[in-house]
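Numbered according to the numbering used here, the sequence shown spans residues 244 to 378. Report on the structure given below.
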Amino acid sequence: MPLMTWKDDMSVGISSIDEQHKKLVNMINELSDGMKIGKGREVLGTILDELIDYTAKHFKYEEELFDKTHYLDAFNHKKEHADLVKRVLDIQAKYKAGALTLSLEVMDFLKDWLVKHIMGSDKKYSSHLCAQGVK
């Protein structure tokens, strides 16, 4: 059973962003599944690295849209992105140093953050970006 399931109410109404969010959900599920079946640290480390890299690309995409369309709440949204990046890089560093294992607590943090972020902050920009013709 996957840790997360994409639901239609998670859609921000912008297909390019929804597809990126779906990929993030799938990547978190892949990491969770790998942890549950006891995949080795190296494999899990690679999946974690890919998740972090893809998240950075996704945030960059959103932030470029904010700048291009003059989104008024861009500063606060970018701060949320920066805060998550800092936390996840800390998790990655501790994991690579052997000081942290990928636990249900870590996976729940990633899942909860993504769901809350999409359902909260990302939903706030939806009407603005849609009005600017972003698809």
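Don't be surprised by glycine CBs; every beta carbon is placed ideally from N, CA and C.
Just mark F309 as buried or exposed, buried being the case when its beta carbon has 16 or more other beta carbons within 10 Å.
Counting from 1 along the sequence shown, the entry for residue 309 is found at position 66. F309 is buried by the Cβ-count criterion.
Sort T289, S364, V268, D292 by Cα distance to L315 and report the nearest one.
Working through the sequence shown from its first residue, we reach residue 315 at position 72. When each option's Cα is compared against that of L315, the closest is S364.
In this structure, does DSSP put G379 in helix, strand or coil?
Because the chain spans 244 through 378 in this model, residue 379 falls outside it and cannot be assessed.
Please return the same chain residues whose Cβ sits closer than 6 Å to the Cβ of V331, not counting the five positions on each side in sequence.
Taking the first residue of the sequence shown as 1, we reach residue 331 at position 88. So the qualifying residues of the chain are I295.
How long is the line joining the alpha carbons of K250 and V349, rounded to whole angstroms?
In the sequence shown, the residue the question calls residue 250 occupies position 7. In the sequence shown, the residue the question calls residue 349 occupies position 106. Distance between the alpha carbons of K250 and V349: 22 Å.
Suppose the cutoff is 7 Å on Cβ atoms and the five residues either side in sequence are ignored; what does the same chain contact list for K266 look like?
As a position in the sequence shown, residue 266 is number 23, starting the count at 1. Cβ neighbours of K266 beyond the five flanking positions: Y297.
Is it true that the CB of I271 sits closer than 8 Å to the CB of M247?
Translated into positions along the sequence shown, residue 247 becomes position 4. Translated into positions along the sequence shown, residue 271 becomes position 28. Their beta carbons are under 8 Å apart, which means M247 touches I271 by this criterion.
How long is the line joining the alpha carbons of H360 and C373, rounded to whole angstroms?
The sequence position of residue 360 within the sequence shown is 117, counting from 1. The sequence position of residue 373 within the sequence shown is 130, counting from 1. C-alpha separation (whole angstroms): 18 Å.
Mind checking whether I257 and L274 have CB atoms under 8 Å apart?
Mapped onto the sequence shown, residue 257 falls at position 14. Mapped onto the sequence shown, residue 274 falls at position 31. It is not a contact, given that the beta carbons lie outside the stated cut-off.
Runs of alpha helix (DSSP H) lying entirely within the region 276 to 350, each at least 4 residues, in chain order
284 to 312, 317 to 339
If distances are taken between C-alpha atoms only, which option among K300, D292, G288 comes closest to E262?
Position 19 of the sequence shown, counted from the first residue, corresponds to residue 262. Checking every option, the nearest Cα to that of E262 belongs to K300.
So, helix, strand or coil for L357, using DSSP?
Residue mapping note: residue 357 aligns to position 114 of the sequence shown, counting from 1. Three-state result, L357: helix.
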